[in-house]
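S.K.: Got a structure for you, written out below as structure tokens; questions coming shortly.
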Amino acid sequence: MAADTPVARGAAARLLRNPAVAPVVVLTAGLLGAGYLYVTDPHEGGQFLPRCPFRLVTGLLCPACGGTRMVYDLMHGHFAAAWADNRMLLLAAPFALALLGRWAFEGLRGRRWRPAFSRRTQIVILSVAVLWTVVRNTV
60 MAADTPVARG
70 AAARLLRNPA
80 VAPVVVLTAG
90 LLGAGYLYVT
100 DPHEGGQFLP
110 RCPFRLVTGL
120 LCPACGGTRM
130 VYDLMHGHFA
140 AAWADNRMLL
150 LAAPFALALL
160 GRWAFEGLRG
170 RRWRPAFSRR
180 TQIVILSVAV
190 LWTVVRNTV
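Start counting the sequence shown at 60; every next residue gets the next number (our numbering).
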């Protein structure tokens, strides 16, 4: 059977609709990125790591700036340095990881899952991010 037949396209479409595909791809990409980051010190210049587009355009720190350094420091057991890199992101990381874990768990069980945040929760998250951005750029 040729790779570009209706049967092959149908099989590929069914695979991509499987609820486990997206979380498994995200987890795999995250693990590959973490493996690369583990051996690549973002504290040193000249590394092949993404730059923050917000900072490139505005010169200001975004709410996630320092996240790459924070993850590197956590992986190497430097907790005080991770705290200095980005306190708010360090505090939010367990919640984000729990959401990712739930998404993967539900996907592997064959169920689709989307977190549903109330409007109030969304406003709180956005307000904290904006406040954190203002505080870290003025202090």
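Backbone N, C-alpha and C fix where the C-beta goes; we use that ideal spot for every residue, glycine too.
Check each candidate in Arg76, Ala70, Asp63, Arg195 and name the one with the smallest Cα separation from Arg171.
M.R.: Indexing the sequence shown from 1 puts residue 171 at position 112. Here the closest residue by C-alpha is Arg76.
S.K.: Let me know the secondary structure DSSP gives Gln106 once reduced to three states.
M.R.: On the sequence shown, position 47 is the one that residue 106 refers to. Note: Gln106 maps to coil in three-state DSSP.
S.K.: Rounded to a whole number of angstroms, what is the C-alpha to C-alpha distance between Leu209 and Ala141?
M.R.: Summary: the structure shown does not reach residue 209, with the chain confined to residues 60 through 198, and so no result is reported for it.
S.K.: For Val85, which of helix, strand or coil comes out of DSSP?
M.R.: Start at 1 with the first residue of the sequence shown, and residue 85 comes out as number 26. If DSSP states are grouped into helix, strand and coil, Val85 belongs with the helices.
S.K.: Considering only the beta carbon of each residue, do Pro153 and Thr127 sit closer than 7 Å?
M.R.: Reading the sequence shown from its first residue, position 94 is the one you call residue 153. Reading the sequence shown from its first residue, position 68 is the one you call residue 127. Not closer than 7 Å, so no.
S.K.: Going by DSSP, what residue range makes up the alpha helix (DSSP H) through Val194?
M.R.: What you label residue 194 is simply residue 135 of the sequence shown in a count that begins at 1. Its alpha helix (DSSP H) spans residues 178 to 197.
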